[in-house]
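Report on the structure given below.
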Amino acid sequence: MKDLFDRIIENKGPLGKWASQAEGYFVFPKLEGPISNRMKFNGKEVITWSINDYLGLANHPEVLKADAEAAAEHGCAYPMGARMMSGHTDVHEQLQNELAAFVKKEAAYLLNFGYQGMVSAIDALVTKDDIIVYDVDSHACIIDGVRLHMGKRFTFMHNDIDSLEKNLERATKMAEQTGGGILVISEGVFGMRGEQGKLKEIVALKKKYKFRLLVDDAHGFGTLGTTGAGAGEEQGIQEDIDVYFATFAKSMASIGAFLAGDKEIIDYLKYNLRSQMFAKSLPMVFVKGALKRLEMLRTMPELKGKLWENVDALQNGLKDRGFNIGTTNTCVTPVYLNGSIPEAMALVKDLRENYGIFCSIVVYPVIPKGLILLRMIPTATHTLEDVSETLDAFSAIRDRLENGTYKRLSAAVAAAMGE
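Residue numbers (the UniProt record's numbering): 1 to 419.
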């Protein structure tokens with residue numbers, strides 16, 4: 001019999017095996033200074049395109065004041081205990097009611113964390129007799145939630161309505177045999193590609209198939225729609241989303257999340273979400289802080305206006321210079337280039353060290369081999385000067401990628417990786 005740790009020592013996983021070369025720079029990098037459009041990395045100022053602070057609330061004076069006052073009054077402990085036992089307050093209820101009204105739903109329920117909350121919501125919504133049909137490009141929290149499902153599940157090709165319908169036909173036949181129901185899951189915004197989920201087209205299939213729709217709108221909440229209520233509002237089908245989910249970790253620049261829907265469904269989830277029933281209540285400093293942030297979302301449309309000014313400047317500038325940004329129709333801005341993993345490492349190092357640009361890098365196996373994805377998140381704190389500097393830098397690194405500079409610089413790394 002093997003020691004349990006033998007496998008762990010021998011195989012550190014697809015990312016872990018490169019820890020010695022990558023940690024501290026390409027993964028687990030240390031950005032320093034106040035969260036903003038410009039921060040410090042390795043002692044140098046960089047323009048940061050990897051911070052999900054869409055509306056620039058992380059260090060907004062009003063937010064800092066609200067957070068500080070809540071911390072001074074309550075500390076970080078209050079309330080103690082799980083919500084069901086001793087951690088429930090009027091302020092938690094107030095936040096839930098305001099969130100529900102903001103996303104145009106009957107009721108909402110506050111969650112401690114987004115990832116954990118989505119996993120638990122899927123687990124609570126279905127039984128072994130039910131069938132889940134979900135987009136193949138769904139976020140890891142959805143995939144992990146689906147893995148807990150004891151019944152059947154099918155994936156449909158990303159944003160492919162024909163594929164969804166074929167799987168709904170399969171799911172319908174199976175549900176008729178098991179006596180269960182069907183849960184369809186999509187994202188409001190797919191955080192890697194920047195595409196909105198085809199929610200309007202999915203909802204249209206409700207006329208033909210009997211299913212309920214769960215939408216993860218982490219990147220849409222606060223950034224899309226006339227009021228910022230998200231992708232459902234943007235597409236005019238918010239009322240047709242049966243269970244709406246969003247996190248505070250993006251537009252709200254904080255910790256926490258929520259589910260919203262019909263009161264009867266939210267009441268059920270309140271009593272059946274294991275991740276909330278057996279976890280400490282969200283501390284008051286985050287609850288009061290979220291109330292302030294939500295107030296600013298409602299009353300300061302100029303924040304979203306500035307965000308989209310920067311989004312349009314960046315995305316139009318990239319397209320004008322011939323860059324491939326895919327089919328994004330949200331703030332998320334992917335830039336696709338052709339190259340190997342070693343070339344990607346050399347390219348990113350050049351961007352950070354010589355051009356002062358910090359953005360996320362995505363390579364195989366997350367995307368197909370031979371592609372490099374530079375993922376950029378514009379925010380309301382960026383300036384048009386930041387955009388201009390970044391566009392010039394991207395033009396320069398593309399030239400160096402195409403003329404073989406990065407291939408030469410990364411030759412030793414490529415040899416070590418067997419590429």
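Where a beta carbon is used, it is the ideal one built from N, C-alpha and C, also for glycine.
All of these numbers come straight from a predicted model, not from anything done at the bench.
With contact defined as three or more Cβ pairs closer than 8 Å, the stretch 247-256 and the stretch 203-220 are in contact. Classified as buried, Ile266 has 16 or more neighbouring CB atoms from the shown chains inside 10 Å of its CB.
DSSP, reduced to helix, strand and coil, places Arg83 outside both helices and strands of the structure shown, so it counts as coil.
Unbroken beta strand (DSSP E) stretches of 3 residues or longer found wholly inside the stretch 149-182: 153-156, given in chain order. Out of Ile255, Lys200, Phe258, the CA that lies nearest to the CA of Gly236 is found in Lys200. Per the C-alpha coordinates, the member of Glu402, Gly317, Leu294 positioned closest to Ser340 is Glu402. If you draw a 10 Å sphere on the C-beta of Gln315, you find 16 or more other C-beta atoms in it, and that means buried.
Spatial neighbours of Val363 in its own chain (CB-CB distance under 7 Å, excluding positions within 5 residues in sequence) are listed in chain order as Ile341, Ala344, Ile372. Excluding residues up to 5 positions away in sequence, nothing lies with its Cβ nearer than 7 Å to the Cβ of Met85 in the same chain.
For Ser388, the enclosing alpha helix (DSSP H) starts and ends at 384-402.
The Cβ atoms of Asn310 and Pro368 do not sit closer than 8 Å to each other. When the Cα atoms are used, Leu269 and Leu64 turn out to be separated by approximately 32 Å. Using a 10 angstroms sphere on the CB of Phe28, the tally of other CB atoms stays under 16, which defines it as exposed.
Residue pairing by DSSP places Thr48 opposite Phe358 in a beta bridge. Here Lys40 carries a strand assignment [DSSP, helix/strand/coil].
Between Val332 and the set Glu62, Arg7, Gly220, Val285, the nearest pair of CA atoms involves Gly220. DSSP places Leu373 in the strand class (E or B) of the three-state scheme. In the structure shown, the three-state DSSP call for Gly230 is coil. Linking Arg170 to Asp130 through their CA atoms gives a straight-line distance of about 12 Å.
The way I'd put it, the stretch 346-366 does touch the stretch 35-53; three or more beta-carbon pairs between them come closer than 8 Å.
DSSP places Leu57 outside both helix and strand once states are collapsed to three, so it counts as coil.
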